[in-house]
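Chains A and B, in that order, give the protein sequences. The numbering used here applies: residue 4 is where the first sequence begins, and numbers increase by one. The numbering used here applies: residue 7 is where the second sequence begins, and numbers increase by one. A virtual CB, placed ideally from N, CA and C, is assigned to each residue, including glycine.
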Amino acid sequence: MPKFTRRSFLVSTAAVGGGLALGLRLPFGPELVRAQDGSPEITVWVVVRPDNTTAIRVVRAEMGQGTITGLAQLVAEELDCDWNKVVIEYPTPGQSVARKRVWGEFSTGGSRGIRQSNEYVRKGGAAARMMLVQAAANQWKVPAAECTAANSVITHTPSGRTLTYGQVAEAAARLEQPKDVPLKDPKTWKIAGKPLKRLDTAAKVNGTMLYGMDLKLPGMLNAAVKDCPVFGGKVKSFDAAKVQGMKGVRKVVRVGDSAVAVVADAWWQAKTALDALPIVWDEGPNAKVSSADIAGMLKAGLDADQAFVGNRAGGDVKAALAGAAKRVEAVYAYPFQNHACMEPMNATVRWTPERCEMWGPTQNGEGAFAAILAATGLPADKVDVHNVMLGGGFGRRGSYANDYVTQAVLIAKEMPGTPVKMIWSREEDMAHGRYHPVMQCKLVGGLDASGNLAALHMRLSGQSILASVRPEIVEAQKGRDPIAFQGVFESGEHSFSYTVPNLLIDHAMRNTHVPPGFWRGVNINQNAIFIECFMDELAEAAGQDALEFRRKLLGNHPRNLGVLNAVAERIGWGKPAPSGVHRGLAHLHCFDSYVAAACEISVREGNKVKVHRIVAATDPGYAVNPAQIERQVAGSFVYGLSALFFQECTVKDGRIEQTNFHQYNSMRIAQMPKVETIIMPAGGTVWGGIGEPTICVAGPAVLNALYRATGKRFRSVPLQNHGMDLV
Amino acid sequence: MVRFSINGRTVDVDADPNTPLLWVIREQVGLTGTKYGCGVAQCGACTVHIDGAPVRSCAMPVSAVAGKQITTIEGLATGGTLHKVQTAWVDLDVPQCGFCQSGMIMAVAALLREKPRPTDADIDAAITNICRCGTFQQVREAIHAAAKAAV
């Protein structure tokens, strides 16, 4: 079994003391680079230790999605190393900067971890294999073509001689890296593509896995923090004297304009003192905003003249709708939602005027690195970030959500030389999320006399994430946020799945003071509900079966049709369901994957919804680890159905009302449906994502089944607002 | 000063009597396998055994555990041998991010002591821990696997 232990984290944490130990160039040869333990680096992705262990470098963040295992499989596949002797090493952003970003992107979001780095990490593995083989051939003075490699052993086929990777690693590391690096045909994969066990399980069952919250550094203090509950508000004053004498309290500090922190020996002491600290807030201009105000603003956008076009086809949609034999119209709504990672936000920082380092969970080490540069003004070679296992991410710890990192740095700056671990309470985490954007949608469809969909107008009205976090992209698009159209866009990885003769999909951007963020699946969560529930409404108006109605619009979308047919067949669509059981289905193209779901539900006592079974299909092009894909699909349904049934962050007096899980519920095991996953990768040149795509199809599939069960269309989330419960 | 036993070791801790057991375990005893998730006994990430029964330690004042025997995730294995629940978790590759799993495993270990061959309904009633990654399908399978295991 490969080992991924607490020790490997401690080793990478220990690297801090020695500065850029990993990647330090030592005077052994022009190209030789050694890892921290002195083992030679063959390529930047591969270190071979003398005992034949292979250390594979990973810079994408592991938050449960299995990316370290999948990326290691891809490198190991091309390297032909012994999978049972694989360990993981984590280069830091500081090391990356010092080496001109040889490891590429650290950012782990948008389901990109594997799909966007697969090619260069595979080449890193393949090049290392070629160099190791060449080194053995050189030692034997034979042509490399006479040698083969498998399981970290090189064999000279004519003579039967063998050498291990460990035996030739030093020589291989001195060779020039080949330029032309062919990759294997995925059909021949033996390590990648297989349902291998994760590399990080052992430490997660005995309490030894180190999360940010668990960090202990010598002399470390702990901090609890409270930001102004109204977004955009500020600290007016606080009375530190009231808590200064409390047990363990070291310092009460202002954090930027809007927050206050207590630093104490123990976190519980810091939190207790913070709760007792009198703070006066200047709540600012948003102090009276409520959910009703925001809903009213979005509602007005549904019929506004100005809107950004995300997708247009055919002729004049409004004229086509006016001339339709039958018009169907519906308005849907999706709320703010908090990520609610199991591990609340936290970061541990040690600052001196000369150097600043952070230890903690981030989905983008380089993003945290940049946040520290901005907060300290230090040069890049005086800063570093040491990522640890994330207790969930889901986008909250992503590229543009480094708010908690900045806070931890500002607190540490008040305690020079002392490491300070800042942990948010769950209440702080609920109050200061980067929320799923709020959105409403008006759909108008026109059917011709034969019941064909002749025209469709989908008008989104609501919040833009990019306008908040990447305004330069929105500016470059003349005010449009392209990702508002995820799953219904004109082209690309989120392109619309249907061909409609007259089509208009547009977005009236209505931003709020509540900060939006990337929330697992991002805008596909609402867009899939909008389009896929409305397709069911249209099919009903046309007097047609929901599957048949869709199939007619999918002629140009064979991979959508493929996944949809797969789930329909497996669920038994068109055949009688068990008594009292109702079915629904949905599909989408997103994050370059094609996904579909079909479910079976029943409802008793009018409102108790049991989801018995969900069949999911995904076509991600390539499947690197089918076992982990199954887990991601089932897990995405837990996240998605929790959101569908229970989750809404409401706004009152400018602040979020929900404070903890008792008001922001999450599914439990009793509510878990049986999930059957069909993995049907179709190959091709594009690799699709895994972590997010399927999240969006469970909701509309269940909503469509719920209509068949109850006769009611539920057009707003969460369902608990309609009195519906998940049992 | 409160005295109790944790994973077979007697400890004396000097803490405010209202301090939740969770934070005493994490910050004073120094065992960080037990996690903070909510602080209001909702999520179960902080589950430990007190005299054999599963308890959400974030809502249990340390003063209430004087003289009691506490077991945390670090004390579940016997010597070098994993508890059968831990073994099933490894065999079925249950954890994703893993943050909730210490509490989940402790809750399941207590269930199996109470009901060695639990039905699905028993599992539904007893295991109410939150897992945001959504490992429930593997959790259920692993509970049944652990129940079938001899040790």
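message: Quick check: is the beta carbon of residue 87(B) nearer than 8 Å to any beta carbon in chain A?
response: no
So for residue 596(A), helix, strand or coil by DSSP? strand
- request: Closer than 7 Å, Cβ to Cβ, to anything on chain B: give me those residues from the segment 326-346 of chain A, in chain order.
  value: 343, 344, 345 and 346
Nearest-angstrom Cα distance between residue 592(A) and residue 204(A)?
32 Å
Discussion item. Which same chain residues end up closer than 7 Å to residue 678(A) when comparing Cβ atoms and leaving out the 5 residues on each side of it in sequence?
Written reply: 617, 619, 636, 637 and 640
Please report how far the alpha carbon of residue 682(A) lies from the alpha carbon of residue 118(A), in whole angstroms. 16 Å
Open item on the list: Pop quiz: residue 256(A) and residue 227(A) are said to be a contact at Cβ under 8 Å. What is the actual Cβ separation, rounded to whole angstroms?
Closed with: Actually they do not touch by this definition, with Cβ atoms about 11 Å apart.
In chain B, which residues lie with their C-beta within 8 Å of the C-beta of residue 145(A)?
Residues of chain B passing the Cβ test: none, with the nearest at roughly 42 Å.
Suppose the cutoff is 7 Å on Cβ atoms and the five residues either side in sequence are ignored; what does the same chain contact list for residue 147(A) look like? 136, 137 and 140
Spatially closest choice to residue 24(B) from 365(A), 274(A), 224(A) and 238(A), by CA coordinates:
274(A)
Using a C-beta cutoff of 8 Å, does residue 75(B) count as contacting chain A?
no
Can a CB atom of chain A be found closer than 8 Å to the CB of residue 10(B)? no
- Show which residues of chain A have a CB atom less than 7 Å away from the CB atom of residue 96(B). 204, 205 and 208
- Return the CA-CA distance between residue 155(B) and residue 85(B), expressed in angstroms with no decimal places. 19 Å
**Study point:** Residue environment, residue 87(A), which counts as buried when at least 16 other CB atoms sit within 10 Å
**Key:** exposed
Other residues of its chain near residue 708(A): CB distance less than 6 Å, five sequence neighbours each side excluded:
585, 586, 587, 602 and 604
Check: According to the neighbour-count rule (16 or more other Cβ atoms, all chains shown, within 10 Å of its Cβ), is residue 494(A) buried or exposed?
Finding: exposed
| request: Please classify residue 567(A): does DSSP put it in a helix, a strand, or coil? | output: helix
Thinking just about the alpha-carbon of each residue, which of 243(A), 250(A) and 160(A) is nearest to the one in residue 263(A)? 243(A)
- Message: Tell me which residues of the segment 656-690 of chain A have at least one Cβ-Cβ distance to chain B shorter than 8 Å, keeping chain order.
- Response: 663, 664, 665, 669, 670, 671, 672, 673, 675, 677 and 678
Worksheet item: For the alpha helix (DSSP H) that contains residue 15(B), what are its first and last residues?
Response: Where residue 15(B) is concerned, there is no enclosing alpha helix (DSSP H), although the beta strand (DSSP E) it sits in stretches over 15-19.
Residue 278(A) touches chain B at which residues, Cβ-Cβ below 7 Å?
-> In chain order: nothing, as chain B lies at least about 11 Å away.
query: By a C-beta neighbour count over all protein chains shown, 10 Å radius and 16 as the cutoff for buried, is residue 448(A) buried or exposed?
result: buried
**Prompt:** Would residue 33(B) pass as a contact of residue 270(A) if the rule is Cβ separation under 8 Å?
**Reply:** yes
Any idea which residues DSSP pairs residue 425(A) with across the strands? 226(A) and 350(A)
Work out the CA separation of residue 430(A) and residue 653(A) for me, nearest whole Å. 14 Å
query = Looking at the structure shown, is residue 435(A) part of a helix, part of a strand, or coil, going by DSSP?
reply = coil
**Prompt:** Should the segment 641-651 of chain A be called in touch with the segment 703-721 of chain A, which here means at least 3 C-beta pairs below 8 Å?
**Reply:** yes
> By a C-beta neighbour count over all protein chains shown, 10 Å radius and 16 as the cutoff for buried, is residue 188(A) buried or exposed?
Replying inline: exposed
What runs of the alpha helix (DSSP H), each 4 residues or longer, lie entirely inside the segment 250-330 of chain A? 270-279, 294-304 and 320-325
Report task. Can you give me the Cβ contacts of residue 252(A) inside the same chain, cut-off strictly under 7 Å, excluding the 5 residues immediately before and after it? Result -> 246, 265, 267, 272 and 276
Between residue 30(A) and residue 421(A), what straight-line distance do the alpha-carbon atoms span, to the nearest angstrom? For residue 30(A), the predicted model reports a pLDDT of 42, less than 50, meaning its position is unreliable; a value from the coordinates is still stated below. Those two C-alpha atoms are separated by around 35 Å.
**Asked** From the DSSP output, which residues share a beta bridge with residue 55(B)?
**Response** 60(B) and 77(B)
**Prompt:** My guess is that residue 91(B) and residue 115(B) are in contact by the Cβ rule of under 8 Å, so how many angstroms apart are they, rounded?
**Reply:** 5 Å
Subject >> Residues sharing a beta bridge with residue 417(A), DSSP >> reply: Beta-bridge pairing links residue 417(A) to no other residue.
Legend entry - Under 7 Å by beta carbon: chain A residues contacting residue 33(B): 269, 270 and 271
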